[in-house]
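Numbering (the working numbering), first residue to last: 80 to 357.
Data block below; observations after.
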């Protein structure tokens, strides 16, 4: 690259051929200032997928957020619009080319702010930093998000570095592509946008909202298969119910996620290495 600046690159340069413009936003006209998700993918037909269902789908129809897919294939080279090539140094599989991905990132950059805090640009990668509820909360507070869905053996590292792309992982496993992970990350983010869930309290009480797993939930019938709802939940004593739920959340976190439990204790000024016994 001829640009020697150390500053993060803009989310694109605006030299885009009309034939390579992204698809129109999915759903009806969006509300002014609505949160937007742009997804670069070889399989745009995979979207909206589950994002078009239930609360996220309703919010999409209402224009509370918008989804735009950018098909990577038209940016490819040659008769067959090739987007990948053999990995440098040899090895199995193919790698998405830096120059091809760069064109798609340029297209996705149209009408988006340069600052990554206002508009994160993310590559779904098993080697990325783990996705978290805190990350979803930060993204929901941004103006939008661009997600790059990988395929094959991955993406040429140079384009990730050039565009200051953040690598994020859904978990310690490998998928055939980033589309499923992209839908999961968008879902986790969109539901935190005001008015999407319609009940702000539910997001405050669910798993990870305070660094703890969620407490057990129950509903009717009161007794099922010989198993009864805990008496405290039927007592009508809200203070006792709140204490029970907090205690159960702590117990489950300590039992099932020691890593979260240590982080929770540290965040509350407690020794993270104490109180580890179940």
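We treat Cβ as the ideally placed atom computed from N, Cα and C, and that holds for glycine.
Between which two residues does the alpha helix (DSSP H) holding residue i run?
i: residue 329; result: 317 to 335
Residue i and residue j: beta carbons closer than 8 angstroms?
i: residue 146; j: residue 126; result: yes
i: residue 187; j: residue 149; result: yes
i: residue 265; j: residue 116; result: yes
i: residue 352; j: residue 328; result: no
i: residue 205; j: residue 248; result: yes
i: residue 246; j: residue 239; result: yes
i: residue 223; j: residue 114; result: yes
i: residue 229; j: residue 250; result: no
i: residue 197; j: residue 219; result: no
i: residue 173; j: residue 231; result: yes
Mark residue i as exposed unless 16 or more other C-beta atoms lie within 10 angstroms of its C-beta, in which case mark it buried.
i: residue 332; result: buried
i: residue 258; result: buried
i: residue 36; result: This structure cannot settle anything about residue 36, because the visible part of the chain is limited to 80 through 357.
i: residue 262; result: buried
i: residue 337; result: exposed
i: residue 163; result: buried
i: residue 175; result: buried
i: residue 110; result: exposed
i: residue 123; result: buried
i: residue 318; result: exposed
i: residue 297; result: exposed
i: residue 344; result: buried
i: residue 154; result: buried
i: residue 322; result: exposed
i: residue 235; result: buried
i: residue 306; result: exposed
i: residue 280; result: Note on residue 280: pLDDT 45, under 50, position unreliable in the model; the coordinate value appears next. Residue 280 should be labelled exposed.
i: residue 335; result: exposed
i: residue 299; result: exposed
i: residue 341; result: buried
i: residue 85; result: Because residue 85 carries a pLDDT of 49, less than 50, the predicted location of this residue cannot be relied on, and the following value inherits that uncertainty. By the 10 Å Cβ count, residue 85 comes out exposed.
i: residue 208; result: exposed
i: residue 121; result: buried
i: residue 346; result: exposed
i: residue 183; result: buried
Between the Cα of residue i and those of the options, spot the shortest distance and give me the residue it belongs to.
i: residue 215; options: 305, 172, 175 and 267; result: 267
i: residue 291; options: 339, 137 and 230; result: 339
i: residue 119; options: 208, 244 and 316; result: 244
i: residue 185; options: 217, 225 and 220; result: 225
i: residue 274; options: 122, 108 and 135; result: 135
i: residue 241; options: 251, 276 and 202; result: 202
i: residue 143; options: 205, 314 and 270; result: 270
i: residue 129; options: 208, 260 and 344; result: 260
i: residue 108; options: 141, 300 and 152; result: 141
i: residue 166; options: 177, 160 and 156; result: 177
i: residue 195; options: 158, 207, 306 and 217; result: 217
i: residue 211; options: 314, 132, 312 and 289; result: 289
i: residue 191; options: 330, 112 and 179; result: 112
i: residue 227; options: 158, 151 and 132; result: 151
i: residue 320; options: 168, 295, 302 and 301; result: 295
i: residue 161; options: 168, 179 and 169; result: 179
Can you determine whether any heavy atom of the ligand MN sits closer than 7 angstroms to the C-beta of residue i, and answer yes or no?
i: residue 313; result: The ligand MN is not among the ligands present in this structure, which contains no ligands whatsoever.
My parser needs the alpha helix (DSSP H) runs of 4 or more residues fully inside the region 184 to 271; what are they? 212 to 219, 236 to 241 and 258 to 269
Whole alpha helix (DSSP H) elements within the region 95 to 173, 4-residue minimum: Unbroken alpha helix (DSSP H) runs of no fewer than 4 residues, entirely contained in the region 95 to 173, are found at 133 to 140, following chain order.
What are the complete beta strand (DSSP E) segments, minimum 3 residues, inside the region 286 to 317? none
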